[in-house]
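The next block holds one structure in the form of structure tokens; read it before the comments.
In the numbering used here, the protein residues as written are 89 to 165.
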């Protein structure tokens with residue numbers, strides 16, 4: 089991803105994480121594999137389908153978790 093518009097969008101997402109104190113970096117224990125992250129990209133359009141904003145999302149790949157190993161139970165409303 090070398091387009092400056094997308095790089096700026098990614099930087100905005102990371103700045104929001106910092107501003108909202110979304111995460112804290114901690115050392116990884118030897119017996120734990122951290123979940124990996126993935127960037128998602130979306131173009132927001134106006135009524136004429138002109139791109140008005142590029143939005144980036146940094147998400148965790150939670151689907152790689154295994155019940156009983158990474159978590160004990162889950163809940164979704």
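Positions of the beta carbon are idealized from the N, C-alpha and C atoms, including for glycine.
Checking the DSSP bridge columns, you'll see residue 94 has no partner listed.
Contact check for residue 149 and residue 125: beta-carbon distance about 7 angstroms, within the 8 angstroms limit, so the pair qualifies. Under the three-state reduction of DSSP output, residue 125 falls in the strand class. C-alpha of residue 116 to C-alpha of residue 123: approximately 11 angstroms in a straight line. The C-beta of residue 97 has 16 or more other C-beta atoms within 10 Å across all chains shown, which makes the residue buried.
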